[in-house]
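Worksheet: the structure to be examined is printed underneath.
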Amino acid sequence: MTKDLWMNLPVKDLNRSKEFFNAIGFGFKDGAGNSDTMAPLVVGTKETIVMLIVENVFKRATQNPISDTAKGTEVIFSFSAESREEVEEVARKVTAAGGNVFAPPAEIQGWMYGCAFTDPDGHRWNALFMDMSKR
């Protein structure tokens, strides 16, 4: 039976990735899983873990090539924001931290407000404020 779920994400430079995610307001879980080759990134109040793993270790575990994020997208990680202003703040922080906001903050479908960006490794992320009163 499944107890927990976490995602594993390959990164080229673990320290650079940690600096980026810290700069945009994410944190890392202390304890198990922390090493010089991996770090558990905490996402949201439910503390979903995205395990950042250096590419050579990731490749050994998956026994498969790593996707080229410059040529395609396998997944987009979406997380909620508390307000439109928080979405805009995320976009500013991403830009300041060296990420790429490829979809600037905008209204989506009349009830969501979001932005989308890539981290230093080209993985895609989406910050969304959902106004359920407009749904």
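Mapping of the sequence shown onto our numbering: residues 127 to 261, in sequence order. The beta-carbon is built from N, C-alpha and C at its ideal position, and this holds for glycine as well. No experiment lies behind these values; they were computed from the predicted model shown.
Beta-carbon spacing of residue i, residue j below 8 Å
i              : j              : result
isoleucine 202 : tryptophan 132 : no
proline 231    : glutamate 214  : yes
methionine 256 : serine 204     : no
Straight-line Cα distance separating residue j from residue i
i                 : j              : result
glycine 151       : leucine 135    : 18 Å
asparagine 252    : valine 227     : 10 Å
alanine 149       : threonine 188  : 29 Å
lysine 260        : glutamine 235  : 10 Å
phenylalanine 146 : leucine 140    : 10 Å
threonine 244     : glutamate 212  : 17 Å
lysine 138        : glutamate 233  : 33 Å
aspartate 156     : proline 166    : 8 Å
cysteine 241      : valine 220     : 10 Å
methionine 164    : isoleucine 179 : 4 Å
glycine 170       : alanine 229    : 21 Å
tyrosine 239      : threonine 199  : 22 Å
valine 183        : glycine 159    : 13 Å
Given residue i as reference, the closest of the options once Cα atoms are compared
i              : options                        : result
glutamate 181  : Ile234, Ala229, Cys241, Asp194 : Asp194
arginine 142   : Met256, Asp257, Pro246         : Pro246
histidine 249  : Asp257, Ala196, Asp156         : Ala196
methionine 177 : Asn190, Ile192, Ser161         : Ser161
Three-state secondary structure assigned by DSSP to residue i
i             : result
leucine 131   : coil
alanine 149   : helix
threonine 174 : strand
glutamate 211 : helix
Residue-chain proximity (residue i, chain D), Cβ-Cβ < 8 Å
i              : result
tryptophan 132 : The displayed structure is made up of one protein chain only, and chain D is not part of it.
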